[in-house]
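Let me begin by presenting the structure, written as structure tokens, before commenting on it.
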Amino acid sequence: MLDEKSRRVFSSKALNYFDELTKNMSYTKTAQLLGITQPALTQQIKKIEKVVGAPLFYSVGKKIYLTDSGTLLLKATHQMFNLINNVTDQIQQESSERSGTISIGLLSTAESIVIEDFIVEYNRINPDVVIDLNLLNRKELWDNIQNNRIDLAIMYLPDKSIKSWKLYRSKKIMSDNIMLIHNDKKINKKRSVTYKDATVKPWAAYLKSYYFSELISERYRDALVDFPQVIARFSSTYQLLKFAQESDDVYTILPLSFCIAHQDKFKLYQTPLEPAITSDLSFVYREDKEKIPRFEDFLSEWDNFLDKMSYVDRLKSSR
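For the sequence shown, UniProt numbering assigns the number 1 to the initial residue and increments by one for each residue that follows.
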């Protein structure tokens with residue numbers, strides 16, 4: 001039996017640090033992602049090791065690996081996280097069935113206008129349900145949905161950063177194509193542009209860790225085509241468009257949904273890549289959420305919303 005001091009070592013923060021370290025297997029990268037110093041992270045792991053009486057990691061060269069003890073603790077950590085999440089869901093199911101809060105995490109690079117319009121309409125129908133809409137990056141989205149801090153994530157799929165789908169469900173919103181944004185009249189006369197032809201001018205691109213950057217890099221690599229020269233990187237779709245339009249001979253890549261919704265802002269041409277690079281914008285949620293009446297109602301009202309007018313038509317009408 002652990003004493004009170006030892007139990008405090010196993011705080012949710014400490015176990016979250018340990019869990020993050022097992023994902024990255026790098027003290028430096030994990031500390032950066034957590035927004036703490038590397039010595040602080042190292043100290044926290046050493047405190048846990050002292051309590052359990054065994055090392056959790058071992059190193060070979062510059063790489064670290066889980067020990068058997070570390071593997072056992074990781075399994076127990078995930079079991080505990082799941083238990084807390086299940087209890088939270090059960091409490092939500094048994095109390096305030098059709099009132100309360102639905103917390104949504106929206107990928108910061110996804111077009112938000114239709115979601116925003118739906119929330120306005122949903123609030124008119126269900127004024128007792130509070131909607132929290134959070135703009136998050138991929139890592140924040142997945143961390144928040146894993147730890148039950150959001151009920152619903154709106155993100156692009158497939159996403160290789162998601163290791164296990166056992167507890168989760170998805171609901172497709174739309175298929176979104178990647179478009180080359182350019183000033184070439186010859187390309188504009190074509191129905192599509194090859195990966196190679198899209199690289200004749202330098203690009204402005206999303207940050208390296210962003211979903212579309214990783215997806216496009218992977219497709220170029222698979223096609224054995226050299227990735228274009230990137231002269232600027234941004235976190236915002238609006239920033240990419242502004243940079244490309246105010247620069248000389250710079251291309252960028254943007255999702256079709258953004259192009260449709262903001263066509264009036266474009267001075268440049270938009271052409272799909274060939275082979276097409278497509279992802280599904282989707283709702284992602286823990287399967288137990290479907291048992292919560294207000295959550296079930298939310299998804300049902302979404303279907304009704306799109307029955308009245310399709311997602312793409314709503315994008316067009318937002319111009």
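Ideal Cβ placement from N, Cα and C applies to all residues, glycine included.
Give the single residue among the options whose Cα lies nearest to the Cα of residue i.
i: W203; options: S217, S12 and K190; result: S217
i: H78; options: T22, N126 and M174; result: T22
i: I48; options: S59, N16, K166 and I125; result: N16
i: Y269; options: V193, P228 and Q229; result: V193
i: D197; options: R191, I187, Y206 and A205; result: I187
i: S235; options: Q245, F227, Q229 and Y210; result: Y210
i: A261; options: K267, R233, Y122 and R314; result: R314
i: L136; options: L106, V120, I145 and R233; result: L106
i: S108; options: L241, V87, E140 and F266; result: E140
i: L167; options: M174, I292, D176 and I145; result: I145
i: T101; options: Y285, N86, R124 and D128; result: D128
i: W165; options: Y285, K185, N148 and K242; result: Y285
i: V200; options: F227, F266, K189 and I36; result: F227
i: residue 321; options: K62, R169, N147 and E20; result: Residue 321 lies beyond the range of the chain shown here (1 to 319); nothing can be said about it.
i: R191; options: L241, E246, F243 and T271; result: T271
i: K62; options: V120, T28 and E246; result: T28
I'd like the list of long-range same chain contacts for residue i, defined as Cβ closer than 6 Å, with 5 residues on each side in sequence excluded.
i: S103; result: D132, I150 and D151
i: Y206; result: F212 and S213
i: S175; result: T278 and D280
i: F298; result: I102
Rounded to whole angstroms, what is the Cα-Cα separation between residue i and residue j?
i: F212; j: S300; result: 29 Å
i: Y238; j: L41; result: 36 Å
i: T30; j: V312; result: 39 Å
i: P39; j: I64; result: 16 Å
i: V52; j: L34; result: 23 Å
i: K171; j: A54; result: 43 Å
i: E214; j: K208; result: 7 Å
i: I162; j: W142; result: 8 Å
i: K59; j: S12; result: Sequence check: residue 59 is Ser here, not Lys. Their Cα atoms are separated by approximately 25 Å.
i: L83; j: F57; result: 25 Å
i: Y122; j: D307; result: 14 Å
i: I173; j: F283; result: 7 Å
i: F305; j: D159; result: 27 Å
i: N85; j: K289; result: 10 Å
i: F243; j: K267; result: 12 Å
i: I125; j: R294; result: 12 Å
Would residue i be called buried (16 or more neighbouring beta carbons within 10 Å of its own) or exposed?
i: S257; result: buried
i: M80; result: exposed
i: M309; result: exposed
i: E287; result: exposed
i: A276; result: exposed
i: M25; result: exposed
i: S279; result: buried
i: Q229; result: exposed
i: I231; result: exposed
Below 8 Å CB to CB, which residues in the same chain sit around residue i once its five sequence neighbours on both sides are set aside?
i: A110; result: I154, M155, Y156, P255, S257 and L281
i: S317; result: M309
i: A14; result: Q44, K47 and I48
Closer than 7 Å by C-beta to residue i: which residues in its own chain qualify, once you throw out the five before and the five after it? Chain order, please.
i: Y195; result: Y220, A223, V225 and L273
Beta-carbon of residue i versus every beta-carbon of chain D: anything under 7 Å?
i: N126; result: In the structure shown, chain D cannot be found, because there is only a single protein chain.
Open item on the list: I'd like to know if the segment 114-133 and the segment 59-70 are in contact, where contact means that at least 3 CB-CB pairs between them fall below 8 Å.
Closed with: These segments do not touch.
Task: Given 8 Å, three or more beta-carbon pairs between the segment 244-253 and the segment 179-186 - done: Under the Cβ criterion (8 Å, minimum of three pairs), the segment 244-253 counts as touching the segment 179-186.
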